[in-house]
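Working notes for the structure below.
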Amino acid sequence: MEEFVCSWHSVKFFTVIARIIASIFMEGISLFLMRLIYLVRHLVKVEVRPNLVLNAEKELGIVAGLQDRVAQVYGGLVYMDFSKENMEKSGHGIYIPMDISLLPPLYLIYAENPSDSGKVHSTVRQRWLNGDKFIITSMDEVANIPLEGREALLEKDYAKLAKLMNRNFDLRRSMFGDECLGALNIEMVEVARRVGAASKFTGSGGAVVAFCPDGPLQAKLLEDECRRAGFILKPIQVVPSRLNDVNLNTLKN
Numbered sequence: 001m002e003e004f005v006c007s008w009h010s011v012k013f014f015t016v017i018a019r020i021i022a023s024i025f026m027e028g029i030s031l032f033l034m035r036l037i038y039l040v041r042h043l044v045k046v047e048v049r050p051n052l053v054l055n056a057e058k059e060l061g062i063v064a065g066l067q068d069r070v071a072q073v074y075g076g077l078v079y080m081d082f083s084k085e086n087m088e089k090s091g092h093g094i095y096i097p098m099d100i101s102l103l104p105p106l107y108l109i110y111a112e113n114p115s116d117s118g119k120v121h122s123t124v125r126q127r128w129l130n131g132d133k134f135i136i137t138s139m140d141e142v143a144n145i146p147l148e149g150r151e152a153l154l155e156k157d158y159a160k161l162a163k164l165m166n167r168n169f170d171l172r173r174s175m176f177g178d179e180c181l182g183a184l185n186i187e188m189v190e191v192a193r194r195v196g197a198a199s200k201f202t203g204s205g206g207a208v209v210a211f212c213p214d215g216p217l218q219a220k221l222l223e224d225e226c227r228r229a230g231f232i233l234k235p236i237q238v239v240p241s242r243l244n245d246v247n248l249n250t251l252k253n
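Structure, rendered in structure tokens:
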């Protein structure tokens, strides 16, 4: 039996179709659930939806975090606060949509044929659970960066934003170590820094987001440096918020 629960509502159904089998029947169930969600979406608060997605992935054995789920639900530019106090009080983080026009031009750096993604198992989570003071203080500093980043964007202090981007990566590197992060991932960051651009991972690695505080000429230098290093550089186009009036009304309730 499968059960989907949302606040005081739930949907239960039985199936003998194996999860790993793709079939027209499973597609039909998916379409039914999508239609059902469309009909009751005004009852499901936007803040709760990332948790629903994450819970479904956990139930399927997929290891994931809330950040990507929030981005998928909200779209656009979002400030996220996952503080323990808020999570325990409301069961979800505080998510504040922001105007994407606040962002300066950003660039994506990636390797067309990545061969090194940092395959060494990380011990950071276990060290945090064990009360490692260095990991805990570093994580606390990482958690403060989004708040400072939001302030920098609102004030259009892009020099500060560049420093925060670099600090984010430096903290990650100090906690995880070069062997875990992978030489290729680190080189993408270093390529940007060689021309004075700010850079950090887009997530856990595999690509880097870069910002050229000195403008187009610096961006051209970055493009040339990426080409020499064998990396691809693309301007980032941020997708506007996915929230419509129905979604926004759930934020007010």
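When the letters of the sequence shown are read in order and numbered with UniProt numbering, they come out as residues 1 to 253. Ideal Cβ positions, reconstructed from N, Cα and C, are used throughout, including at glycine.
Could you tell me the distance, in whole angstroms, from the CA atom of residue i to the CA atom of residue j?
i: ASP63; j: GLY93; result: It is worth fixing the name first, because residue 63 is Val in this sequence and not Asp. One C-alpha to the other measures close to 19 Å.
i: LYS234; j: PHE211; result: 12 Å
i: PRO104; j: ARG127; result: 36 Å
i: TYR107; j: SER199; result: 9 Å
i: SER138; j: ILE145; result: 11 Å
i: GLU190; j: LEU43; result: 47 Å
i: ALA197; j: ASP178; result: 20 Å
i: GLN218; j: ARG242; result: 32 Å
i: ALA162; j: LEU39; result: 43 Å
i: SER122; j: MET175; result: 9 Å
i: ASN51; j: ASN130; result: 26 Å
i: SER90; j: LEU60; result: 25 Å
i: VAL48; j: SER101; result: 26 Å
i: VAL53; j: ASP99; result: 25 Å
i: CYS180; j: GLU187; result: 13 Å
i: ALA56; j: PRO213; result: 40 Å
i: TYR95; j: GLU85; result: 14 Å
i: GLY65; j: GLU225; result: 33 Å
i: SER83; j: ASP140; result: 10 Å
i: LYS220; j: ALA71; result: 29 Å
i: ASP81; j: VAL46; result: 15 Å
i: GLN67; j: LYS58; result: 14 Å
i: ILE136; j: ASN244; result: 38 Å
i: ASP132; j: ASP157; result: 34 Å
i: GLU112; j: GLY203; result: 17 Å
Drop a sphere of 10 angstroms on the beta-carbon of residue i, count the other beta-carbons inside from all chains shown, and report buried for 16 or more, exposed for fewer.
i: PHE169; result: buried
i: ASN185; result: buried
i: ALA159; result: exposed
i: PRO97; result: buried
i: ILE236; result: exposed
i: GLY215; result: exposed
i: LEU164; result: buried
i: PHE134; result: exposed
i: ARG194; result: exposed
i: ALA143; result: exposed
i: ARG227; result: exposed
i: GLU155; result: exposed
i: ALA152; result: buried
i: residue 254; result: The structure shown does not extend to residue 254, since the chain spans only 1 to 253, so no value can be given for it.
Please check if any C-beta of chain B sits within less than 8 Å of the C-beta of residue i.
i: ASN244; result: Annotation note: the requested chain B is absent from the structure, which comprises a single protein chain.
Should residue i and residue j be called a contact, given that it needs their Cβ atoms to be closer than 8 Å?
i: ARG125; j: TYR79; result: no
i: VAL208; j: GLY76; result: no
i: ILE232; j: TYR110; result: yes
i: GLY230; j: GLY205; result: no
Report the CB separation of residue i from residue j in whole angstroms; it is logged as a contact under 8 Å.
i: ARG172; j: PHE201; result: 7 Å
i: ALA192; j: LEU147; result: Between LEU147 and ALA192 the Cβ distance is about 24 Å, and since that is not below 8 Å, they are no contact.
request  = Ignoring anything shorter than 3 residues or poking outside the UniProt domain "GHMP kinase C-terminal" (151 to 219), list the beta strand (DSSP E) runs there in chain order.
outcome  = Counting only runs of 3 or more, we get 198 to 201 and 207 to 211.
inquiry  = Quick check on the DSSP output: what are the complete beta strand (DSSP E) runs of length 3 or more inside the region 56 to 114, in order along the chain?
reply    = 77 to 81, 94 to 98 and 106 to 110
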